[in-house]
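As structure tokens, the structure follows; a few thoughts come after it.
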Amino acid sequence: MIQTQREKMIAYLTSILHCHYLAEDALQETFIRLSNLSIEQLKEVENPSAYCYQTARNIAIDMLRKRTRESWVDLDNTSPCQCIDNQPSAEDSLIEQNLNRRIMQAVTTLSSRHQTILSLYKWGDYKQKDIAQICAISPTLVNFILQEVVSTCQNALTH
């Protein structure tokens, strides 16, 4: 049956799978599956041609499902930048942790007023004018204190 309908079945399976090679694979799988049927099972088939096409269709659909489920990436057509890991390396993470530790140590050496002004400016999103009102000091003094904080942190990082 498959031998006499081979070209028609290949065309039918190609229309489902959109690939001649996959259609040939599906036809081969159909042949294997049908050849494993017992004589009793073959006698129960009323329309062998329709049964053959239905089996081939089911196999083709299974192949499509499997291909969709696997979703393999074709590495030959993938540009190198798509494979780059954007996570920081262990070395970069360690360097960043070390820098953060040194900055925190430098900040803890500052006076409580310096620390408060830094916190309000950096994490409180206050402007220098607002910080001056909160701390009851001049905006110029707030600016000088922030410059001292930056200088202290820079010194901690360079030494």
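Add 60 to a position in the sequence shown, counting from 1, and you land on the number used in the numbering used here.
Glycine is no exception: its CB is placed at the ideal position from the N, C-alpha and C atoms.
Item to check | Cα-Cα separation between Thr212 and Asn146, rounded to whole angstroms | outcome: 32 angstroms
Next on the checklist: Quick check on DSSP: helix, strand or coil for Ile169?
Outcome noted: What sits at residue 169 in the sequence shown is Thr, not Ile. Here Thr169 sits in coil by DSSP.
Next on the checklist: When you compare the CB positions of Tyr186 and Leu178, do they come within less than 7 angstroms of one another, or not?
Outcome noted: no
Item to check | Three-state class that DSSP yields for His78 in the structure shown | outcome: coil
Checklist entry - What did DSSP end up calling Asp85 once you bin it into helix, strand or coil? => result helix
Checklist entry - Which of helix, strand or coil does DSSP assign to Asp190? => result helix
Checklist entry - The alpha helix (DSSP H) spanning Asn26 covers which residue range? => result Absent from the structure is residue 26, since the part of the chain shown begins at 61 and ends at 219.
Next on the checklist: Can you give me the C-alpha to C-alpha distance between Gln65 and Ile119, rounded to a whole angstrom?
Outcome noted: 17 angstroms
Next on the checklist: On the criterion of 16 or more Cβ atoms from any shown chain inside 10 Å, does Val210 qualify as buried, or is it exposed?
Outcome noted: exposed
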